[in-house]
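In what follows, a single structure is set out as structure tokens and then discussed.
Chains as they are written, first to last, in this note's numbering: chain W, 266 to 471; chain Z, 39 to 288; chain D, 126 to 343.
This is the structure in structure tokens:
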């Protein structure tokens, strides 16, 4: 379950933002993507997750091994916490949600509608969704937004457990989670102006 | 000369268009002037329809091109989806407004013709109805192009719409045929087919047919010229966009 | 797949509007028709099948943009794209859920509204048959339209514009089947055509819907 990214260039709105990104994520590894706002961290993660095509380069990962979590968690406000988790567990072919509920301290909230949760509680629910996917490689975009210190600690524990059980994680975050993580500073990969900076579809017109 | 796909390169295409545009446009003008003047002034009035028959020189070519334009869009859409040549997608985009104009011309001239002939501006005849549906397809296609910012996404979505739409357009044609027979059993005094379209060539004598043929050639050339011109404009727009994007990066 | 269907049905129940809205709109159309064309029962009998079909079609159209838009907004579709479920299955289940929450109630309510429009007794069976056979096609075609316009801010109106010409064959054969049934004529041709259209779009259109959805997601 190794994620290999080779010479990857990613584009946003038809313009390349990052070029030549390469890294390898082995089991039990965590890799934190760092860089200033707007440099293309989200675009990079979405591309690695397969949600948008790579402009250049390759992303190699075993099939059905990636789980992606971002700002919107695919939660339905009219479903309860348990129903939301059960739904995603079923979609990913899993049954048990207890572990996910316990890991993010959601057992008291099980039957509350997701719409009535606070922002931080919702975020915890969104992260709990990761556990029910049973996917080994996590791709997390700003996972700690609107979490309080205690919840961040819960999250750090969950990631730690995931890593020690052979999983891996690719994170874009500004908070130090106290993980044994490598740092990938994407600053040097910022795309430079030039013919190659225009993504595939408009290049032909230059 | 290499393969035809050489012209899938936007720059090459633009250069070629610049060379061919003037002759094609000239040909269209000559054919249309000759065909229309011949048709309007140097053919006898029909013994049954009088002078109203002369609108045929606008109506029939426009109707033909309305369908052919959609067919061209279908082919270029398929080429885009399979081979990802940008020029192909842009040609489809460029053809749509011309096609819808031809459809409107066919509908309006048909109404003007129908008024004295059938005593009504509009009848839910299968042929008329099919053109109205074709008009709606064109509107939807153009609206979808306009609604999407990203040009590649727009090209993909409109191409799929064009293909699915084509299937449904054929289906609608059969449905409408069936529906009208179903509603007006036997009572089809105003069969448009007897006056327009394919029946024309058999019914109408050569006196009317030759100028009509010249008009049709003129419309085809006009369509080709307009598509080339508009495709080149679309290419220039994309080039501008690409240059601006590069400038922003610098 | 079953989980997705179950979730969509629960959501339609809880959010309200899912079942009620289509029916209410259908009722409004049917009630307003006699006010606009007059109460003469012969005329109503004549136009009843067509009006009922048109009302059902418009009621269906009303809820199309909700098929995918909500799941788009909250990121569900993004997550679905990375899930093991193929998008072809997702759009098929979405269409099925739309049919169960919109189409089925319309089919059930139609005979009731047929009474209001003075539909002759022999027409009820064929009205129900035609709607039961035709509304799945409306849902599947509508899902295609929803997939085309899912990323757009003002997608609703565009969706209607794109979908209306695609609805023409279904409407023609559906209404014709209902009309012939009501007038006691032979029904086999429109019946077979309507069935052909329904099964054809159910078999093929989900692939196109998944394709455009994938384009919209990237």
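Ideal Cβ positions, reconstructed from N, Cα and C, are used throughout, including at glycine.
Quiz item: What are the residues of the stretch 254-267 of chain Z that lie near chain W, defined by any Cβ-Cβ distance shorter than 7 Å?
Solution: Of all residues in the stretch 254-267 of chain Z, none has a Cβ within less than 7 Å of some Cβ in chain W.
Exercise. State the DSSP-derived secondary structure class of residue 300 of chain W, mapped to helix, strand or coil.
Key: In the three-state reduction of the DSSP assignment, residue 300 of chain W falls in the coil class.
Self-check item: Cutoff 8 Å: residue 211 of chain Z Cβ touching any chain W Cβ
Solution: Residue-level contact check: residue 211 of chain Z does not touch chain W, since none of the beta carbons of chain W fall below 8 Å from its beta carbon.
Exercise. Please report how far the alpha carbon of residue 178 of chain Z lies from the alpha carbon of residue 203 of chain Z, in whole angstroms.
Key: Our two residues, residue 178 of chain Z and residue 203 of chain Z, have alpha carbons roughly 10 Å apart in a direct line.
Quiz item: In terms of alpha-carbon separation, which member of D:235, D:264 and D:292 lies closest to residue 188 of chain D?
Solution: The shortest C-alpha separation from residue 188 of chain D is found at D:264.
Quiz item: Can you find a CB in chain D that lies within less than 8 Å of the CB of residue 266 of chain W?
Solution: It does not: the Cβ of residue 266 of chain W has no partner Cβ on chain D nearer than 8 Å.
Practice problem: Output the boundary residues of the beta strand (DSSP E) element that contains residue 277 of chain D. | Solution: Per DSSP, residue 277 of chain D belongs to no beta strand (DSSP E) and is neither H nor E.
Practice problem: Per DSSP, which residues does residue 323 of chain W bridge with? Please list them. | Solution: Partner(s): W:271.
Quiz item: To the nearest angstrom, how far is it from the Cα of residue 124 of chain Z to the Cα of residue 198 of chain Z?
Solution: Taking the straight line joining both Cα atoms gives about 15 Å.
Quiz prompt | residue 341 of chain W in three-state terms, based on DSSP | solution = DSSP, read as helix, strand or coil, puts residue 341 of chain W in coil.
Quiz item: Is it the case that the Cβ atoms of residue 261 of chain D and residue 327 of chain D are separated by a distance below 8 Å?
Solution: A contact, by the Cβ cut-off of 8 Å.
Quiz prompt | Proximity winner among W:314, W:294, W:300 and W:391, relative to residue 337 of chain W (alpha-carbon distances) | solution = Of the listed residues, the one whose Cα sits closest to residue 337 of chain W is W:391.
Self-check item: C-alpha gap between residue 66 of chain Z and residue 260 of chain Z, whole angstroms
Solution: As the crow flies, the alpha-carbon of residue 66 of chain Z is around 5 Å from that of residue 260 of chain Z.
Exercise. Anything in the stretch 174-200 of chain D with a Cβ closer than 7 Å to a Cβ of chain W? List those residues in chain order, please.
Key: For the stretch 174-200 of chain D, residues whose beta-carbon sits nearer than 7 Å to a beta-carbon of chain W comprise 199 and 200.
Quiz item: If you measure from the beta carbon of residue 459 of chain W to each beta carbon in chain D, is any gap under 8 Å?
Solution: Unreliable placement is indicated for residue 459 of chain W, whose pLDDT of 49 sits below 50; the coordinate value is still reported in the next sentence. So, not an interface residue.
Practice problem: Please report how far the alpha carbon of residue 101 of chain Z lies from the alpha carbon of residue 247 of chain Z, in whole angstroms. | Solution: Answer to the nearest angstrom: the Cα atoms are 16 Å apart.
Quiz item: Within 8 Å (strictly less), CB to CB, does residue 243 of chain D reach chain Z?
Solution: No - not a single Cβ of chain Z is within 8 Å of the one on residue 243 of chain D.
Self-check item: Residues in the stretch 175-187 of chain Z having any Cβ partner in chain D nearer than 8 Å
Solution: Correct list: 175, 177, 178, 181, 182, 185 and 186.
Exercise. Within the same chain, show all residues whose beta-carbon is closer than 8 Å to that of residue 304 of chain W, passing over the 5 residues directly before and after it, in chain order.
Key: Hits under 8 Å: 282, 283, 451, 452 and 455.
Quiz prompt | 7 Å CB neighbourhood of residue 270 of chain Z in its chain, flanking five on each side removed | solution = If you ignore the 5 residues before and after residue 270 of chain Z, its C-beta comes within less than 7 Å of the C-beta of 52 and 55, all in its own chain and listed in chain order.
Exercise. Using a Cβ cut-off of 7 Å, pull out every chain Z residue sitting near residue 275 of chain W, in sequence order please.
Key: Close partners of residue 275 of chain W in chain Z (Cβ separation under 7 Å) are lacking, with about 14 Å as the shortest Cβ gap.
Quiz item: By DSSP, does residue 255 of chain D sit in helix, in strand, or in coil?
Solution: DSSP, read as helix, strand or coil, puts residue 255 of chain D in helix.
Practice problem: For the beta strand (DSSP E) holding residue 163 of chain Z, just list the boundary residues, first then last. | Solution: In the DSSP annotation of this structure, residue 163 of chain Z is not part of any beta strand (DSSP E), being labelled neither H nor E.
Quiz prompt | Option in W:420, W:384, W:288 and W:277 with minimal Cα separation from residue 308 of chain W | solution = Checking every option, the nearest Cα to that of residue 308 of chain W belongs to W:277.
Quiz item: Helix, strand or coil: how does DSSP classify residue 285 of chain W here?
Solution: Residue 285 of chain W falls in the strand class under three-state DSSP.
Self-check item: C-beta contact flag for residue 247 of chain D and residue 309 of chain D at 8 Å
Solution: Yes, they are a contact pair.
Exercise. Measure from the alpha carbon of residue 253 of chain Z to the alpha carbon of each residue in Z:135, Z:59, Z:99 and Z:214, then state which is nearest.
Key: If we check each option's Cα against that of residue 253 of chain Z, Z:99 comes out closest.
Quiz item: What do you get for residue 97 of chain Z, buried or exposed, if any count of 16 or more other CB atoms within 10 angstroms of its CB means buried?
Solution: By the Cβ-count criterion, residue 97 of chain Z is buried, with 16 or more other Cβ atoms from all chains shown falling within 10 Å of its own Cβ.
Quiz item: Among W:443, W:389 and W:436, which one has its Cα closest to the Cα of residue 374 of chain W?
Solution: When only C-alpha atoms are compared, the closest one is W:389.
Quiz item: Does any residue of chain Z bring its CB to less than 8 Å from the CB of residue 470 of chain W?
Solution: It does; some Cβ of chain Z falls within 8 Å.
Quiz item: Between the beta-carbon of residue 266 of chain Z and the beta-carbon of residue 200 of chain Z, is there less than 8 Å?
Solution: No, the pair does not count as a contact, with Cβ atoms beyond the cut-off.
Quiz item: Do you know offhand how far residue 381 of chain W's Cα is from residue 301 of chain W's?
Solution: Within the model, the alpha-carbon separation for residue 381 of chain W versus residue 301 of chain W is close to 33 Å.
Quiz item: With 16 other CB atoms within 10 Å as the buried threshold, where does residue 166 of chain D fall?
Solution: Residue 166 of chain D is exposed by the Cβ-count criterion.
Quiz item: Do the CB positions of residue 186 of chain Z and residue 135 of chain Z come within less than 8 Å of each other?
Solution: No, they are not a contact pair.
Quiz item: How many angstroms separate the CA atom of residue 229 of chain Z from the CA atom of residue 91 of chain Z?
Solution: A caution first: residue 229 of chain Z carries a pLDDT of 39, below 50, which makes its placement in the model unreliable, though a value can still be read off. Rounded to the nearest whole angstrom, the CA to CA distance from residue 229 of chain Z to residue 91 of chain Z is 15 Å.
Quiz item: Can you pull the DSSP bridge partners for residue 277 of chain W?
Solution: For residue 277 of chain W, which the question treats as bridged, DSSP gives the partners W:280.
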